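Residues -22 to -1, 1 to 69 (mature numbering (1 follows the signal peptide of the UniProt record, and there is no 0)) make up the sequence shown, in order.
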Amino acid sequence: MIRTRLLMLAFVVLELGLGAAAAQPGPSMATLSCADFRLRQDGAWVAVHPSVIYGPHGPFAVEAGEIFRIQLGGTTNYGVKVAEILDSRCR
């Protein structure tokens, strides 16, 4: 009986975890539009108007004028490497 309950609990936890991972975009799938950002001369990206980015840790708001640079040490914005993605998609 205990074994059955533990197996059921493990299945539920696994199902919830996999379902959440499948429902959220990965960092490379983040909803970034090149039209929402402008590349500055120093290599940083600046938001040209307010927008929302949807990443693996949920949505986050970006204000006009907010600046994104290449992050050192794996730092991200809510799981999204904004400048890195913009560099690869928009340059």
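Even for Gly, the Cβ is constructed at its ideal location relative to N, Cα and C. Since this is a predicted model, take the numbers as computed values, not measurements.
- In the displayed model, V58 falls within a strand according to three-state DSSP.
- At a cut-off of 4 residues, not a single continuous stretch assigned as alpha helix (DSSP H) sits fully inside the region 8 to 39.
- In the structure shown, I45 falls within a strand segment according to DSSP collapsed to helix, strand and coil.
- When secondary structure is reduced to three states using DSSP, R69 falls in the coil class, being assigned neither helix nor strand.
- Closest in C-alpha terms to E44, from the list T9, R16 and S11, comes R16.
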